[in-house]
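In structure tokens form, the structure reads like this:
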């Protein structure tokens, strides 16, 4: 059955309910229980119509639909039951009754057609004849099959014909002779012939076992000799070798039929998933493959998800770069089955003019799908406006593994995706992309927790782990390489680096890794070293002259070792690139990959001319007095005769002051201080100077809020996305941005109402601006997110508020139930009014906090039941007498449920939230810190009041550019901080190191899995052996001795029916004496 399951084969038997055919049917029935789709197992029975018992049950007036067929205890003489476990039957009717062998001609013709091909367009199917025991008719079948070049597998020690043929093949004498091929060339061949002693042995064997009549023995021996003419088509399986050996024997028989055509042989091995045979027999050292001969095999292997074959082809120097063209990639996308998730996704975003899903896709539509899933498109090749012809079918890809990875990920083929990921470039970026695609597809199924959802989640997590492990292993190996790979530009991506991809996909796990945080530490401190404390920065920020003397800068620290040694540094870089090892003292700046943000020259106007060409501490043409410099490289001795050194000192001081104030950490401190001043001014106006007159303080406050508004617009523009819609979507996704919008809207409304000439609007403005001030003060919480202790606490607060919101809905049910019931009992027939809704819910709500309000329940001395008095508010209404007794009991139950049960439940929920956040406090803090750093990278360095002037200037420049439709010459945004170009000499070194770690990681994981699989296989084999022994014992107990009828059939006394049954497998009796030739055919 393993041949049928793995090879997708057809089993052809006699189809009756006796002999081998019966046992084959039972095996099919058993195997269907272990098969996901029972229709995958095809067992065809070909039997004569005239020998079928109860055949009248098979006759129907309607030719379609199932029929009911029953099996009695015993059939009539010369009749057989059909086996119910076969999937198909072909019943041959030549008009005779109780005659065997009438199906032989049709069966032989069917086998020949399968082998040669039914039509010219129909591929041929390998056919194997399996010989078990058998009589003279089987011998003829074997000879005819060999004449048609059909492979034969003989089960030795199964009896009669099988044993005779096996003996002949094993013992016949080999001799060589020369023959001519189709072109007339002489070729050497080998043949086998029987000696006299072997003929004598076979004669005695046939005579002793009553194999046939005496007159037919010589003819049968001649039949055996004729079979030896095709001995190379005969494979022998020794009984007792196990199912594994029989499987290999039959598979080798099929594959050797195509031995001359390696590609066809490999195709069959692929169709049957015979990876071991392909590895040992096809891809050997003596085989030579023509360029492009394996391209179709690779396409089939990818489409059928044969991961082992894809890996085998790649291991044998398959040229993937010439293989993958746009035509083949589109063939993969368009060759998806209708039920494919990827095809459904593509059809969901691609509509034709009639608003119907298209059936054929191009590269642009694939790019739309990626954009749809990730809110952005990274790969230039998929963009319609990338300057390339997306329909160039012969175009190849610079990194073909990346495009195959995307196809495999979108098609949810995890193992295939890992093979492409392991062999491709940019392993970290590719893993991040795969994780993002899996997560995006998972989000489409978030409302349906299906198996597909769980698979996507697991696949996403696995690629996330791969990206994290690669970057962390690389960081442990070489920190500089890890840093350069994170911020280095990716050639096949659109203005992206690994950091930018992680930012765009909001990959919090990767963002929280140590290498990633190290990059952010460098960016956060700007050009300063990380040993500068916050107190030092605050003091220097207030006293700028102290900056050159007190603050440590990166360049100054690097130059301290050997200033001016430019040649040595260059040689070090070249040596590192050659050896693949980097020195900690060599920065990315030395390979044209500086982290220094651009655009500051436009704002401050750096010195040009000769001075602009100097690098401080790098002037090799000047003598430098090292002893006269402190740790920052500044001169401490007065050298009045050296004007160059003095000029150099002031230039350094100027650059360091500028670098100090544009560092994100200093910008953050400036904005924090200015925000405090803003809150003080706002509070002063609201408390002490709130009137309808416009004051200078109002003007400053309005300018301040206008600057905040402009900053929010700049934040939208500065987001690293291409499309405006996606920019807005990403902006709104941040909770604090929503708070900012609310603050600005409330401020504008409040200020407008404040300066209207109405007293009522002034009061409303005071309330609105008071609430607005609350939101501005609460905005201070974001500042605390940078603190390692307080940051995670903010996460806890937000999550607890979310928990409280959902919990309040449940509590509201209890509040409403008690509120309406108590109001109806205490004060019946109350008139509907707005005040009624306030009164109903006021008492139950405050009861939760311990305010019982017993005077309303028990009544007061001055209460009344007169309608006019309590309606106009003169006196309170008296509660009913029944309410005075019943409502307190009701309130007790209500307080028990709310104060004890629900509130304690809420405390448990909060405790669970606290535990979850606290366990991952470090990761939450890193993610918060990342968001803060990302925001302050693009913030201006000026104090907000002065920034308003800069904002106005930038708006004017922006409008001017829009009117003239011109683009800025330089990108002055902060985006380049995370995107630095790598040199062509340095990039291969990084790629080689990254790919090596990725391959080692995959191989290590695969080795672990294989060790587990091997252990499980060993256990299964032991269990199978135990099952076999138990089955053998049970069969021995139930079988007993053979009947006289069986002995008569085996002895040949009723030979013709027995021989007929031996062909079709219909001979009754024990398994050891069954006679059958079973065909196993590839569909």
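Residue numbers (the numbering used here): 214 to 1296. Ideal Cβ positions, reconstructed from N, Cα and C, are used throughout, including at glycine.
Item: Mind checking residue 1166: buried by the 16 CB within 10 Å criterion, or exposed?; Value: exposed
Item: Drop a sphere of 10 angstroms on the beta-carbon of residue 873, count the other beta-carbons inside from all chains shown, and report buried for 16 or more, exposed for fewer.; Value: buried
Item: Does the beta-carbon of residue 1317 have 16 or more other beta-carbons within 10 angstroms, so that it is buried, or is it exposed?; Value: Because residue 1317 is not part of the residues shown, which for the chain are 214 to 1296, the question remains open.
Item: What residues are listed by DSSP as bridge partners for residue 1330?; Value: With the chain represented from 214 up to 1296, any question about residue 1330 goes unanswered, as that position is not in the structure.
Item: Between the C-alpha atoms of residue 928 and residue 720, what's the straight-line distance to the nearest angstrom?; Value: 20 Å
Item: In whole angstroms, give me the CA-to-CA distance for residue 615 and residue 699.; Value: 18 Å
Item: Taking residue 972 as the reference, give the member of 905, 939, 1114 and 937 with the closest Cα.; Value: 905
Item: Alpha carbon to alpha carbon, how far is residue 961 from residue 946? Give it in angstroms, no decimals.; Value: 23 Å
Item: Entirely within the stretch 334-367 and at least 4 residues each: give me those alpha helix (DSSP H) ranges in chain order.; Value: 349-360
Item: Run the CB neighbour count on residue 798, radius 10 Å, all protein chains shown included, and call it buried at 16 or more, exposed below.; Value: Annotation note: pLDDT 35 at residue 798 (below 50); position unreliable, no value reported.
Item: Should the stretch 616-624 be regarded as contacting the stretch 683-690, the criterion being three or more beta carbon pairs within less than 8 Å?; Value: no
Item: Between the C-alpha atoms of residue 1096 and residue 1076, what's the straight-line distance to the nearest angstrom?; Value: 15 Å
Item: Can you list, in chain order, the residues of its chain whose CB lies under 8 Å from that of residue 527, leaving out five sequence neighbours each side?; Value: 533, 632 and 636
Item: Between residue 475 and residue 522, how many whole angstroms is the CB-CB distance? I'm expecting something under 8 Å.; Value: In fact, because the Cβ distance is near 14 Å, the residues do not count as touching under 8 Å.
Item: State buried or exposed for residue 1229, treating a residue as buried only when at least 16 other CB atoms are found within 10 Å of its CB.; Value: exposed
Item: Can you tell me whether residue 305 is helix, strand or coil according to DSSP?; Value: strand
Item: Find out if the Cβ-Cβ distance for the pair residue 369, residue 269 is shorter than 9 Å.; Value: no
Item: Rounding to the nearest angstrom, what Cα-Cα distance links residue 500 and residue 491 in this structure?; Value: 12 Å
Item: Identify every residue that forms a DSSP beta bridge with residue 295.; Value: 229
Item: With C-beta atoms as the reference, is residue 587 less than 9 Å away from residue 642?; Value: no
Item: DSSP puts residue 318 in a beta bridge; with which residues?; Value: According to DSSP, residue 318 bridges with nothing at all.
Item: Under 9 Å between the Cβ atoms of residue 536 and residue 613?; Value: yes
Item: Could you give the DSSP three-state label for residue 1275: helix, strand or coil?; Value: Below a pLDDT of 50, predicted positions are generally treated as unreliable, and residue 1275, at 32, falls in that range; the measurement from the model is reported next regardless. Note: residue 1275 maps to helix in three-state DSSP.
Item: Once the 5 residues before and after residue 753 are set aside, which same chain residues still bring their CB inside 8 Å of it?; Value: 759, 760, 763, 764 and 873
Item: Give me, in chain order, the residues of the same chain whose beta-carbon lies closer than 6 Å to that of residue 627; leave out the 5 immediate sequence neighbours on both sides.; Value: 672
Item: Does DSSP put residue 850 in a helix, in a strand, or in coil?; Value: In this prediction, residue 850 scores a pLDDT of 46, lower than 50, which makes its location untrustworthy; no coordinate-derived value is stated.
Item: Please report how far the alpha carbon of residue 261 lies from the alpha carbon of residue 392, in whole angstroms.; Value: 42 Å
Item: Rounded to whole angstroms, what's the CA-CA distance from residue 354 to residue 267? Just pull it up for me.; Value: 29 Å
Item: Where does residue 261 sit, in a helix, a strand or coil, going by DSSP?; Value: strand
Item: Out of 1083, 357, 1003 and 489, state which residue places its alpha-carbon closest to the alpha-carbon of residue 320.; Value: 357
Item: What separation, rounded to the nearest whole angstrom, lies between the Cα atoms of residue 1078 and residue 1042?; Value: 12 Å
Item: Using CA coordinates, which residue listed in 1090, 1072 and 1073 is at the minimum distance from residue 1080?; Value: 1090
Item: Measure the C-alpha to C-alpha separation of residue 1217 and residue 520 and round it to an integer number of angstroms.; Value: 17 Å
Item: For residue 967, count the other beta carbons within 10 Å of its own beta carbon; 16 or more makes it buried, fewer makes it exposed. Which is it?; Value: buried
Item: Return helix, strand or coil for residue 770, following the three-state DSSP convention.; Value: With a pLDDT of 46 at residue 770, under the threshold of 50, the predicted position of this residue should be treated as unreliable, though the coordinate-derived value follows. Residue 770 falls in the helix class under three-state DSSP.
Item: Just how far apart, CA to CA, sit residue 417 and residue 387?; Value: 23 Å
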